[in-house]
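Participant: In the numbering used here, the protein residues as written are 541 to 906.
Let me give you the structure first, and then I'll get to my questions.
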């Protein structure tokens, strides 16, 4: 038995050597394919494949000890891709010779990408149904979809309700106070609000900077970012808003408004300077709340503030004879109230306690 196994091993090694030599001759031979040479090479390749299958079958039937000594087992599943070189025999040639169904198109796009086969054209009903199945898979209500809606729903609700409140405010001023006042209100909000939004980049950047600092577990640095952002925003806001208080009358006059509209706009702008500053600080706080994953509270407070401003202005215009400057004072009072509410809530809950050292215990400009 030992002699017989030894002879069997010699036969397997000899078969593998012959197959490997033949395969190297077929695959690595750089000579170009002449007319009719493709079929000859494919025939040789099929012969070598049969030899490989016989060798694999021999090793499969060999004793366990013999199998453990073999270099590696060959798969007994036939594949047209087995041991092919694209320079010698293409995948299409192998598929054609094996008699498989033609799946690859004969035409090429200009960018080198194969066109879809005719049976799978986009306009066929089967292709459309397949695309619809994939669409249903994408929109399937799973944990990821729930997470997306959990994050998106507060912001969607906030955008819709705040937009409605702002439109209602303009309508209330125009219908219940006067058309000249609503013209001054819109113009002052447009010009001063543009400056306020420009400076809002200081506090708006906290959502990115503090996220990076918190991700690196550097709460002191995050507190310093907060200190710098609010400091720069307050400083430049006071400068630019004071500048606008001297330029708003010239701007309204240049736009062609009459004296009554200009007077109402100037009076309102003196109050709106502080309204814009208060709203900017609130915006920075809400950016931090979003960073700390308290977006639900942030959205609720933002919506309540907008609805409260609109409601207070409506009640004042309904029962009293108010001017546009009075509207500004009402807006300022509500904004200060919600700013104080945010500060007290954050101090009581300790949401920003991890930033206190960097915010109050350091001087970031040093």
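Even for Gly, the Cβ is constructed at its ideal location relative to N, Cα and C.
1. For residue 762, which residues in the same chain have their Cβ closer than 7 angstroms to its Cβ, ignoring the five residues on either side in sequence?
2. Is it the case that the region 832-839 contacts the region 676-685, given that we only count it when at least three CB pairs across the two stretches are under 8 angstroms?
3. Can you find the residues in the same chain that come closer than 6 angstroms, C-beta to C-beta, to residue 652, ignoring five residues on each side of it along the sequence?
4. Any idea what DSSP makes of residue 907, helix, strand or coil?
5. Can you look up residue 871 in the DSSP assignment and give me helix, strand or coil?
6. DSSP three-state call for residue 902: helix, strand or coil?
7. Among residues of its own chain, excluding the 5 on either side of residue 784, which ones have a beta-carbon nearer than 6 angstroms to its beta-carbon?
8. Am I right that residue 827 and residue 723 are in contact with their C-beta atoms under 8 angstroms? What's the rounded C-beta distance?
9. Do residue 874 and residue 849 come within 8 angstroms of each other at the CB atom, strictly closer than that value?
10. At 4 residues or longer, what runs of the alpha helix (DSSP H) sit wholly inside the region 772-854?
11. Is residue 862 helix, strand or coil by DSSP?
12. Rounded to whole angstroms, how far is the Cβ of residue 845 from the Cβ of residue 878, which I believe are closer than 8 angstroms?
13. Find the nearest neighbour of residue 901 within the set 764, 786, 858, judged by alpha-carbon distance.
14. Express the C-alpha separation of residue 598 and residue 589 in angstroms, rounding to a whole number.
15. Judging by CA-CA distance, which residue of 694, 840, 766, 804 is the nearest neighbour of residue 727?
16. How about residue 713 and residue 721: are their beta carbons less than 8 angstroms apart?
17. Given a cut-off of 8 angstroms, decide if residue 810 and residue 777 are closer than it, judged by their beta-carbon atoms.
18. What separation, rounded to the nearest whole angstrom, lies between the Cα atoms of residue 838 and residue 824?
19. Looking at residue 735: is its Cβ nearer than 8 angstroms to the Cβ of residue 780?
20. Taking 8 angstroms as the cut-off, decide whether the C-beta atoms of residue 847 and residue 701 are in contact.
21. With DSSP run on the structure shown, which of helix, strand or coil describes residue 757?
22. State yes or no: is the C-beta of residue 868 within less than 8 angstroms of the C-beta of residue 773?
23. Tell me whether residue 742 is buried or exposed, calling it buried when 16 or more other Cβ atoms sit within 10 Å of its Cβ.
24. Here's a check: name, in chain order, each residue in its chain whose Cβ is nearer than 8 angstroms to the Cβ of residue 830, leaving out the five neighbours to either side.
25. Looking at the unbroken alpha helix (DSSP H) that takes in residue 679, where does it start and where does it end?
26. I'd like to check one pair, residue 862 with residue 717: are the Cβ atoms closer than 8 angstroms?
27. Check residue 689 in the structure and name its three-state DSSP category.
28. With the cut-off set at 8 angstroms, would you say residue 882 and residue 822 are in Cβ contact?
29. Residue 871: buried (16+ other C-beta within 10 angstroms of its C-beta) or exposed?
30. Quick one: what's got a C-beta closer than 8 angstroms to residue 802's C-beta in the same chain, skipping five residues either side?
31. With a threshold of 16 other CB atoms inside 10 Å of the CB of residue 890, please say whether the residue is buried or exposed.
32. If you compare alpha carbons, which of 767, 665, 906, 841 is closest to residue 697?
33. Secondary structure at residue 663, three-state DSSP: helix, strand or coil?
Facilitator: The structure says:
1. 750, 753, 754, 895, 898
2. no
3. For residue 652, the predicted model reports a pLDDT of 48, less than 50, meaning its position is unreliable; a value from the coordinates is still stated below. Excluding residues within five positions, none has a Cβ falling inside 6 angstroms.
4. Since the first residue of the chain shown is 541 and the last is 906, residue 907 is not available in this structure.
5. helix
6. coil
7. 732
8. With a Cβ gap of about 33 angstroms, residue 827 and residue 723 do not count as contacting.
9. yes
10. 799-831
11. coil
12. 5 angstroms
13. 764
14. 14 angstroms
15. 804
16. yes
17. no
18. 11 angstroms
19. yes
20. yes
21. coil
22. no
23. buried
24. 747, 838
25. Premise fails: residue 679 is in no alpha helix (DSSP H) and is neither H nor E.
26. yes
27. helix
28. yes
29. buried
30. 724, 789, 792, 793
31. exposed
32. 841
33. coil
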